[in-house]
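Take a look at the structure set out below.
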Amino acid sequence: MRVKRKHVAADLTTREGRARARREMVWQDHGFLRAIYQNLHEFGPGMWRSNQPSPAKVLKYARELGLKTILNLRGESTKGYYLLEKEACEKAGIALIDFQVFSRDTPTREAIFAARDLFDSIEYPALIHCKSGADRAGLMAVLYKLLKEKVPFREATEQLSLKYLHIKHGKTGMLDAFFQAYADFNAGRPEAAWKPFLDWVGEDYDRLKVKEDFLRDFGKGIQVDKILQRE
Numbered sequence: 052m053r054v055k056r057k058h059v060a061a062d063l064t065t066r067e068g069r070a071r072a073r074r075e076m077v078w079q080d081h082g083f084l085r086a087i088y089q090n091l092h093e094f095g096p097g098m099w100r101s102n103q104p105s106p107a108k109v110l111k112y113a114r115e116l117g118l119k120t121i122l123n124l125r126g127e128s129t130k131g132y133y134l135l136e137k138e139a140c141e142k143a144g145i146a147l148i149d150f151q152v153f154s155r156d157t158p159t160r161e162a163i164f165a166a167r168d169l170f171d172s173i174e175y176p177a178l179i180h181c182k183s184g185a186d187r188a189g190l191m192a193v194l195y196k197l198l199k200e201k202v203p204f205r206e207a208t209e210q211l212s213l214k215y216l217h218i219k220h221g222k223t224g225m226l227d228a229f230f231q232a233y234a235d236f237n238a239g240r241p242e243a244a245w246k247p248f249l250d251w252v253g254e255d256y257d258r259l260k261v262k263e264d265f266l267r268d269f270g271k272g273i274q275v276d277k278i279l280q281r282e
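Going by the working numbering, the sequence shown wraps up at 282, each residue one higher than the last.
Structure, rendered in structure tokens:
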């Protein structure tokens, strides 16, 4: 069996290492596509979303948007895109916060409550990003609208839409299924009488059931146990 080699971070203090980091960012991480379109949108006062920013974009956003914080939804990495973003944030005086979420899984209770706390503690203006700016950024944007801005549910969930390149009909539709589960729980009641979102998350949300139901409806029922790692 072929063993996957552990990735070793490039050494940015050397010319060769910096060149490798840039190759990883541009080619392996598809940065050449993001050079054309950044999927940049302001979705609240002083709150932005985008795809993975290049170092040049980090510096530009610092100047033009006055960014104080970047929330990296991809998590910490040894890859070139992350090393170069981190370096650019340090140069620009931007706080880089690694907060990993997933586009093809239902969010955990812990992640949702942690997002609430994060929105209350970071310095604004801020930018959230994943790789494409479509799915993970969309998830966090919906949570921001619900938890920080407290807008109506339907308005909040517009952050997960084709406008931002989010596709509901692939596995990333699991994020839509999560929010739909909350709407289904409150079916038949006017929105003003809905159970508060965080109360539902803490008391009623069954993450694995939402995931299992989605996968079955998605036509992958025979793989559910394997994906959920159940016996």
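Glycine included, C-beta positions come from ideal geometry on N, C-alpha and C.
Looking only at DSSP bridge pairs, what is residue i linked to?
{"i": "I121", "result": "L147, L178"}
{"i": "W99", "result": "E93, L178"}
Please report the straight-line C-alpha distance between residue i and residue j, rounded to a whole angstrom.
{"i": "M98", "j": "A146", "result": "14 Å"}
{"i": "K246", "j": "D257", "result": "15 Å"}
{"i": "E75", "j": "A188", "result": "22 Å"}
{"i": "R100", "j": "E93", "result": "6 Å"}
{"i": "R160", "j": "A70", "result": "40 Å"}
{"i": "A185", "j": "I173", "result": "22 Å"}
{"i": "F248", "j": "A60", "result": "40 Å"}
{"i": "K111", "j": "K182", "result": "18 Å"}
{"i": "G272", "j": "G239", "result": "In this predicted model, G272 has a pLDDT of only 44, less than 50, meaning its place in the structure is not dependable; the value taken from the coordinates is given anyway. Approximately 29 Å between the Cα atoms of the pair."}
{"i": "A244", "j": "F204", "result": "12 Å"}
{"i": "K142", "j": "E263", "result": "44 Å"}
{"i": "Q294", "j": "E242", "result": "Only positions 52 to 282 of the chain appear in the structure, and residue 294 is not among them; the question remains open."}
Give every residue of the same chain whose Cβ lies closer than 6 Å to the Cβ of residue i, excluding the five residues on either side of it in the sequence, and list them in chain order.
{"i": "K199", "result": "F170"}
{"i": "G117", "result": "P176"}
{"i": "R167", "result": "L198"}
{"i": "A232", "result": "V261"}
{"i": "P106", "result": "L135, A139"}
Residues in the same chain with beta-carbon distance under 7 Å from residue i, minus the five sequence neighbours each way, listed in chain order, please.
{"i": "D149", "result": "N123, G126, E127"}
{"i": "K108", "result": "Q89"}
{"i": "D227", "result": "L211, K219"}
{"i": "R66", "result": "none"}
{"i": "F229", "result": "T157, P158, V261"}
In or out: residue i buried (at least 16 other Cβ within 10 Å) or exposed?
{"i": "D250", "result": "exposed"}
{"i": "I87", "result": "exposed"}
{"i": "H51", "result": "What the structure shows of the chain is the stretch from 52 to 282, and residue 51 is not part of that stretch, so it cannot be assessed."}
{"i": "T120", "result": "buried"}
{"i": "L178", "result": "buried"}
{"i": "A113", "result": "buried"}
{"i": "L190", "result": "buried"}
{"i": "T64", "result": "exposed"}
If I measure Cβ to Cβ from residue i and keep anything under 8 Å in the same chain, skipping five residues before and after, which residues do I get?
{"i": "F236", "result": "K246, W251, D255"}
{"i": "G285", "result": "Residue 285 lies beyond the stretch modelled for the chain, which goes from 52 to 282, so this question has no answer here."}
I'd like to know whether the C-beta of residue i is nearer than 7 Å to at least one C-beta of chain D.
{"i": "V202", "result": "In the structure shown, chain D does not exist; there is a single protein chain."}
Handout entry: the stretch 125-144 contacting the stretch 78-91, beta-carbon criterion three pairs below 8 Å
Key = yes
Practice task
May I ask you to verify whether the stretch 195-211 touches the stretch 154-162, counting CB pairs closer than 8 Å and requiring at least 3?
Solution key: no
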